[in-house]
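Heads up: the structure comes next, in structure tokens.
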């Protein structure tokens with residue numbers, strides 16, 4: 001691939017998904033797009049990129065952008081944050097809701113570990129009051145299909161899960177492990193581009209968007225953060241990754257810097 | 271300093287495991303089979319045993335049962351370490367008293383995670 005191909009791809013990813021891709025990291029682009037090239041029947045990544053440049057085919061371009069999205073994730077990443085959301089925040093919100101329903105959205109869910117961590121907590125520690133509804137979205141249909149299946153390698157199930165949780169919630173599936181159907185059925189999935197208008201999705205009590213915004217360009221990050229902020233209920237929380245900056249109007253929970261509340265709510269409660 | 275005994279018939283696995291556990295602040299001893307492992311434990315009971323589940327002379331389960339009968343043998347946390355992915359076998363190890371279970375092959379992140387989950391990090 002030429003430097004011009006790499007630059008073209010970086011610009012394409014920024015335009016389609018707001019992704020921040022360093023065009024100097026040709027090896028990263030090659031390794032991420034290799035599977036796409038094979039799947040689409042191209043002899044090499046170079047041929048794939050040439051086709052994207054020549055055809056202007058949106059499906060192929062989107063497949064490239066989806067493959068370039070960062071995919072690093074784990075079950076219970078920063079376990080204390082999950083415990084805090086489940087044991088403290090969700091019950092507080094449930095008590096304030098007439099129907100007792102707490103809506104949690106995992107935005108940029110990848111292969112599903114984040115939302116399934118919450119599904120496991122729901123099975124292990126049912127909420128004393130109310131009911132929790134779990135939603136998950138990703139830009140990539142392929143990742144959503146993978147997440148719906150809930151099949152993980154031994155490496156993946158060992159990142160964040162205890163052995164007890166593994167034997168309790170999973171079944172053997174050839175050399176891999178599949179999350180029990182009853183937990184997979186707890187989640188509603190949808191393809192969402194965080195750069196789109198998110199108001200049709202409605203409002204959520206907990207929006208978890210962890211280590212997603214940091215992979216976006218500055219402009220896309222601002223736009224996505226604004227859109228996400230609009231989906232958070234007035235008394236809800238936005239949960240970002242550690243070190244990810246809060247959007248305007250949100251302040252960090254004193255106990256967990258990545259758990260953000262609306263500043264106006266915090267002032268009113270003080 | 272916390273102590274760890276690595277019991278595994280494979281010299282390579284012992285070497286890799288030793289380095290990963292030493293990196294996390296443990297003093298490490300090695301044993302190539304269950305009998306040697308029990309001898310180590312009688313001489314000095316470790317805080318942690320990283321235990322191969324499928325050793326030829328004495329299985330991991332048999333080792334753990336015998337370890338628990340030794341004076342002070344209930345104290346060490348035992349983490350099984352095996353290529354066995356059958357969930358029934360993993361459940362067996364946990365029900366017999368293993369604190370955690372590592373599926374081989376593993377890396378430093380997985381070892382660190384499992385030590386924390388076992389409460390010996």
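Chains as they are written, first to last, in our numbering: chain G, 1 to 270; chain H, 271 to 391. Just so it is clear, CB atoms sit at the ideal spot from N, CA and C, and this is done for glycine as well.
How would you call residue 271 of chain H, buried or exposed, if buried means at least 16 neighbouring beta carbons within 10 angstroms? exposed
Range covered by the alpha helix (DSSP H) that runs through residue 116 of chain G: 113-124
Counting only Cβ pairs nearer than 7 Å, list the residues of chain G close to residue 364 of chain H. 163, 164 and 167
Within 9 Å (strictly less), CB to CB, does residue 290 of chain H reach chain G? no
Under 9 Å between the Cβ atoms of residue 259 of chain G and residue 238 of chain G? yes
Helix, strand or coil for residue 355 of chain H per DSSP? coil
Proximity of residue 416 of chain H and residue 325 of chain H at Cβ, strictly below 9 Å: As displayed, chain H neither begins before 271 nor continues past 391, which places residue 416 of chain H out of reach and without an answer.
Hey, residue 290 of chain H and residue 365 of chain H: beta-carbon distance below 9 Å or not? no
With distance defined between alpha-carbon atoms, name the residue in G:218, G:76 and G:254 nearest to residue 247 of chain G. G:218
Residues in the same chain with beta-carbon distance under 6 Å from residue 177 of chain G, minus the five sequence neighbours each way, listed in chain order, please. 152, 157 and 170
Which residues in the same chain have their Cβ closer than 6 Å to the Cβ of residue 363 of chain H, if we skip the five residues on either side of it in sequence? 350 and 371
From residue 24 of chain G to residue 283 of chain H, what distance separates their C-alpha atoms? 38 Å
Any C-beta of chain H sitting closer than 9 Å to the C-beta of residue 175 of chain G? yes
Which whole-angstrom value describes the C-beta separation of residue 107 of chain G and residue 137 of chain G, a residue pair presumed to lie in contact below a C-beta threshold of 8 Å? 6 Å
Find out if the Cβ-Cβ distance for the pair residue 257 of chain G, residue 242 of chain G is shorter than 9 Å. yes
Could you spell out the range, first to last residue, of the alpha helix (DSSP H) harbouring residue 155 of chain G? 154-157
With a threshold of 9 Å between beta carbons, is residue 154 of chain G in contact with chain H? yes
With burial defined as no fewer than 16 other Cβ atoms inside 10 Å of the residue's Cβ, what is the status of residue 155 of chain G: buried or exposed? exposed
So, are the CB atoms of residue 40 of chain G and residue 48 of chain G less than 9 Å apart? yes
Under 7 Å, CB to CB, which of the residues in the segment 281-305 of chain H have a partner in chain G? none
Near-chain H residues of the segment 39-69 of chain G - C-beta to any C-beta below 7 Å: none
So which residues on chain G does residue 335 of chain H lean against when the C-beta distance must stay under 7 Å? Chain G residues near residue 335 of chain H: none, gap ~18 Å exceeds 7 Å.
Using a C-beta to C-beta distance shorter than 9 Å, which residues of chain G count as neighbours of residue 238 of chain H? Nothing in the structure corresponds to residue 238 of chain H, since chain H is present only between 271 and 391.
Measure from the alpha carbon of residue 337 of chain H to the alpha carbon of each residue in H:383, H:307 and H:352, then state which is nearest. H:307
Whole-angstrom Cβ separation of residue 1 of chain G and residue 114 of chain G, contact assumed at under 8 Å? Residue 1 of chain G to residue 114 of chain G, Cβ: 33 Å. No contact.
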